[in-house]
Amino acid sequence: MGDFMFMGEYHHSIDEKGRLTIPSKIRYELGTNFVVTRGLDNCLFIYPKEEWNKVIDKYKELPNTKDARNFMRFFLSGATENDFDKQGRINISQPLTKYAGLEKDCVIIGVNDHLEVWSKRNWDTFITENEDNLSDISDKLFSTTLI
Numbered sequence: 000m001g002d003f004m005f006m007g008e009y010h011h012s013i014d015e016k017g018r019l020t021i022p023s024k025i026r027y028e029l030g031t032n033f034v035v036t037r038g039l040d041n042c043l044f045i046y047p048k049e050e051w052n053k054v055i056d057k058y059k060e061l062p063n064t065k066d067a068r069n070f071m072r073f074f075l076s077g078a079t080e081n082d083f084d085k086q087g088r089i090n091i092s093q094p095l096t097k098y099a100g101l102e103k104d105c106v107i108i109g110v111n112d113h114l115e116v117w118s119k120r121n122w123d124t125f126i127t128e129n130e131d132n133l134s135d136i137s138d139k140l141f142s143t144t145l146i
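The following block contains the structure:
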């Protein structure tokens with residue numbers, strides 16, 4: 000594997016046992032060993048094991064402050080190593096499905112070095128609430144690099 004660049008948006012259903020189908024193209028890129036954990040903004044993050052190890056290395060460099068400890072508790076307590084079943088599904092634990100509000104319709108998006116899993120409802124809300132601000136955000140993030 001190596002340098003990851005996940006992108007795209009995929010719509011899949013999660014079943015009552017917490018099994019979510021991952022598209023075959025993403026399965027190939029993700030590899031057989033990956034980690035699912037709580038993400039930010041009420042979604043889940045999925046990291047290839049190689050990228051997860053880089054994230055953990057960064058966290059080990061954080062100062063031992065209350066904020067750092069609290070974030071590590073939040074981020075790591077839900078983390079589970081995962082793999083695919085024969086149907087190309089992953090099994091998401093009940094605490095993680097509850098955290099992200101995953102019920103039936105899910106959206107899987109590629110965000111550079113990781114995937115995010117959103118409930119369709121939360122994803123639609125995120126888009127609606129942020130689409131008007133995206134050009135302003137873009138201007139702030141990229142104005143100095145594009146001049």
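For the sequence shown, counting from 1, position 106 maps to 105 in numbering that gives the first Met the number 0; every step adds exactly one.
We put the CB at the ideal spot given by N, CA and C, even for glycine.
Note that the coordinates shown come from a computational prediction; the quantities given were computed from them, not determined experimentally.
Check: By the three-class DSSP mapping on this structure, what secondary structure does P62 have?; Outcome: coil
Check: Threshold first: 4 residues or longer. Then list the alpha helix (DSSP H) segments lying entirely within the stretch 22-88, N to C.; Outcome: 23-29, 48-59, 65-76
Check: Apply the 10 Å Cβ neighbour rule to H113 and answer buried if 16 or more other Cβ atoms are within range, or exposed otherwise.; Outcome: buried
Check: Looking at F73 and R37, is the spacing between their C-beta atoms short of 9 Å?; Outcome: yes
Check: Within the same chain, show all residues whose beta-carbon is closer than 6 Å to that of L61, passing over the 5 residues directly before and after it, in chain order.; Outcome: A67
Check: Buried or exposed for F44, going by 16 or more other Cβ atoms inside 10 Å?; Outcome: buried
Check: What do you reckon, are the CB atoms on I91 and L19 nearer than 9 Å?; Outcome: yes
Check: With which residues is W171 paired in a DSSP beta bridge?; Outcome: Lying outside 0 to 146, the shown extent of the chain, residue 171 is not represented and no answer is given.
Check: Kindly indicate which residue of I13, P47, M4, E49 has the alpha-carbon position closest to the one of S118.; Outcome: I13
Check: Since I believe G109 is in contact with F5 (beta carbons under 8 Å), could you give me their beta-carbon distance rounded to a whole number of angstroms?; Outcome: 3 Å
Check: Whose CA, out of Y58, T31, L95, lies closest to the CA of K48?; Outcome: T31
Check: Using a Cβ-Cβ cut-off of 8 Å (strictly less than) and excluding sequence neighbours within five positions of K16, which residues of its own chain qualify?; Outcome: N90
Check: Around the Cβ of E50, are there at least 16 other Cβ atoms within 10 angstroms (buried) or fewer (exposed)?; Outcome: buried
Check: Could you give the DSSP three-state label for S134: helix, strand or coil?; Outcome: helix
Check: Take the Cβ of T96 as the centre, count every other Cβ of all protein chains shown within 10 Å, and call the residue buried at 16 or more, exposed below.; Outcome: buried
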